[in-house]
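Peer 1: Quick note on full-length UniProt numbering: the sequence shown kicks off at 1 and runs consecutively.
We treat Cβ as the ideally placed atom computed from N, Cα and C, and that holds for glycine.
Please read these numbers as outputs of a predicted model, since none were measured by experiment.
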Amino acid sequence: MEIGYKLASEGYGPQEIIRQAVLAEQAGFDFVEMSDHYHPWLDAQGHSSFTWSVLGAIAAKTTTLRLATGVTCPTVRYHPAIIAQAAATMALVSDGRFTLGVGAGERLNEHVVGQGFPSVRGRHERLREALEIIRLLWQGGYQSYEGRHLQLEDARVFDLPDTPPVIAVAASGEASARLAAELGDGLFATEPDASIVEHYRRAHGSGPRYAEVPLAWATDEQQAVQAVLQTSRWLVTGWKVMSELPNPVNFDAASAHVEEKHIRQLFAVGPEPEPHVAKVRSYVDAGFDHIVLQNAGPDPDGFLDFFANDLSGRLRGRS
Numbered sequence: 001m002e003i004g005y006k007l008a009s010e011g012y013g014p015q016e017i018i019r020q021a022v023l024a025e026q027a028g029f030d031f032v033e034m035s036d037h038y039h040p041w042l043d044a045q046g047h048s049s050f051t052w053s054v055l056g057a058i059a060a061k062t063t064t065l066r067l068a069t070g071v072t073c074p075t076v077r078y079h080p081a082i083i084a085q086a087a088a089t090m091a092l093v094s095d096g097r098f099t100l101g102v103g104a105g106e107r108l109n110e111h112v113v114g115q116g117f118p119s120v121r122g123r124h125e126r127l128r129e130a131l132e133i134i135r136l137l138w139q140g141g142y143q144s145y146e147g148r149h150l151q152l153e154d155a156r157v158f159d160l161p162d163t164p165p166v167i168a169v170a171a172s173g174e175a176s177a178r179l180a181a182e183l184g185d186g187l188f189a190t191e192p193d194a195s196i197v198e199h200y201r202r203a204h205g206s207g208p209r210y211a212e213v214p215l216a217w218a219t220d221e222q223q224a225v226q227a228v229l230q231t232s233r234w235l236v237t238g239w240k241v242m243s244e245l246p247n248p249v250n251f252d253a254a255s256a257h258v259e260e261k262h263i264r265q266l267f268a269v270g271p272e273p274e275p276h277v278a279k280v281r282s283y284v285d286a287g288f289d290h291i292v293l294q295n296a297g298p299d300p301d302g303f304l305d306f307f308a309n310d311l312s313g314r315l316r317g318r319s
């Protein structure tokens with residue numbers, strides 16, 4: 001099992017994100033994962049820097065820490081040719097430490113370019129075409145592509161790594177898990193749902209299986225719960241809501257009635273390691289082997305110390 005740290009780009013500015021990544025390497029994390037958003041989920045979070053610039057800076061300031069997008073949508077706000085170029089560059093500047101996590105996207109970020117937001121089926125069709133375009137460009141040379149939704153005309157990525165980045169494809173059900181096995185090198189999910197892993201394996205997927213685990217660390221349990229209610233209660237709404245709402249104000253309204261009991265059902269909270277270990281184990285038991293700790297607590301430095309001193313050994317079976 002490898003353990004990663006989620007960089008909350010919606011909750012902190014770019015310089016702070018870079019600082020946390022450096023500390024994550026020092027704390028013993030194997031990798032960091034960063035979302036690729038245009039907007040935060042809630043205005044209370046207050047940030048959303050350009051992920052690709054920040055990841056490049058992190059690569060320059062770390063030596064062993066692996067990096068991943070978690071996840072980027074290569075179909076609306078970006079064209080897949082741009083993501084193919086960006087990911088290839090990240091692989092080079094990080095000396096092969098980069099993983100490209102991709103997904104079908106959220107209206108929150110993709111609607112900003114004024115092209116609308118496709119249906120679920122349309123999003124999956126576009127993601128398939130995007131992956132085909134990225135793979136094509138990574139073969140080298142000039143390439144063209146004529147899809148139902150996406151086109152490519154005489155494009156070439158000149159700076160390519162010897163080994164292309166791993167592509168981890170976000171999945172929430174059977175169809176997307178099959179796509180991850182067919183056109184990706186790995187799987188990405190946000191729920192401890194063993195059926196997603198099973199669908200991936202049945203489709204002959206054998207790569208890394210990433211999953212984000214919701215935690216909230218604080219020295220006081222109630223403080224942890226309140227931090228989630230303030231900045232991260234949107235996570236309780238579920239993917240069908242998260243993928244469709246257009247702006248932070250809509251997420252504020254949709255999550256206005258989230259209560260403490262809902263937070264405790266979804267998140268491991270408080271200062272003791274046991275609830276956090278149990279939450280992680282539920283994802284490991286579901287078949288995931290690249291575990292991303294998504295801390296929604298109010299003190300990132302305290303959480304990183306907690307991981308280094310109390311959590312890492314338990315998760316890695318050393319205590």
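From this set, HIS257, SER312, SER232 and ALA84, which residue's C-alpha is nearest ASN295's C-alpha?
Peer 2: Closest option to ASN295, Cα to Cα, is SER232.
Peer 1: By the three-class DSSP mapping on this structure, what secondary structure does SER26 have?
Peer 2: Here residue 26 is Gln; the residue named in the question, Ser, does not match the sequence. If DSSP states are grouped into helix, strand and coil, GLN26 belongs with the helices.
Peer 1: Just confirm the distance between the C-beta atoms of ALA171 and ALA203, as a whole number of angstroms; I'd bet it's less than 8 angstroms.
Peer 2: Incorrect: roughly 10 angstroms between the Cβ atoms, too far for contact.
Peer 1: Quick check: the Cα distance between HIS149 and GLY13, rounded to an integer number of angstroms?
Peer 2: Approximately 34 angstroms, taken between the alpha carbons.
Peer 1: DSSP three-state label for LEU42, please.
Peer 2: Correct three-state label for LEU42: coil.
Peer 1: Does the region 129 to 139 touch the region 152 to 163, meaning 3 or more C-beta pairs lie closer than 8 angstroms?
Peer 2: These segments touch.
Peer 1: Which residue marks the beginning of the beta strand (DSSP E) containing GLN143, and which one marks its end?
Peer 2: Taken as a continuous stretch (DSSP letters only), the beta strand (DSSP E) holding GLN143 covers 143 to 146.
Peer 1: Which word fits SER35, buried or exposed, when buried means at least 16 other C-beta atoms lie within 10 angstroms of its C-beta?
Peer 2: That one is buried.
Peer 1: Give me the Cα-Cα distance between ALA177 and ARG201, rounded to the nearest whole angstrom.
Peer 2: Looking at the two C-alpha atoms, the distance is approximately 9 angstroms.
Peer 1: Measure the C-alpha to C-alpha separation of ILE86 and LEU304 and round it to an integer number of angstroms.
Peer 2: The amino acid occupying residue 86 in the given sequence is Ala; Ile does not appear at that position. Going from the Cα of ALA86 to the Cα of LEU304 covers about 29 angstroms.
Peer 1: Classify ASP301: buried if its beta carbon has 16 or more other beta carbons within 10 angstroms, exposed otherwise.
Peer 2: Classification of ASP301: exposed, given that the 10 Å Cβ count is below 16.
Peer 1: Spell out a yes or no on whether the region 70 to 81 and the region 159 to 166 are touching, meaning 3 or more CB-CB pairs, one atom from each, closer than 8 angstroms.
Peer 2: Flag = no, the region 70 to 81 and the region 159 to 166 do not touch.
Peer 1: Can THR62 and GLU25 be called in contact, C-beta distance under 8 angstroms?
Peer 2: Their beta carbons are under 8 angstroms apart, which means THR62 touches GLU25 by this criterion.
Peer 1: Per DSSP, GLU2 is paired with what?
Peer 2: Paired residues: HIS290.
Peer 1: Of all the options GLU174, PRO246 and PRO80, which has the alpha carbon lying nearest to the alpha carbon of TRP41?
Peer 2: Ranking the options by Cα distance to TRP41, first place goes to PRO246.
Peer 1: Could you compute how far the alpha carbon of ARG123 sits from the alpha carbon of GLY105?
Peer 2: Their Cα atoms are separated by approximately 8 angstroms.
Peer 1: By DSSP, does GLU132 sit in helix, in strand, or in coil?
Peer 2: In the structure shown, GLU132 sits in a helix (DSSP, three-state: H, G or I).
Peer 1: Can you round the beta-carbon distance between residue 323 and MET1 to whole angstroms, since I take them to be within the 8 angstroms contact cut?
Peer 2: No statement about residue 323 is possible, as the shown extent of the chain runs from 1 to 319 and does not include it.
Peer 1: The ligand ZN and ALA60: does the residue's C-beta get closer than 7 angstroms to at least one heavy atom of that ligand?
Peer 2: For the ligand ZN, the structure offers nothing, since it holds no ligand at all.
Peer 1: Pull up the distance between the alpha-carbon of SER319 and that of ARG19, whole angstroms please.
Peer 2: Since pLDDT at SER319 reaches only 46, below the 50 mark, its modelled position is unreliable, and no value is offered.
Peer 1: Is ALA268 near LEU215, with beta carbons less than 8 angstroms apart?
Peer 2: Going by C-beta atoms, ALA268 is nearer than 8 angstroms to LEU215.
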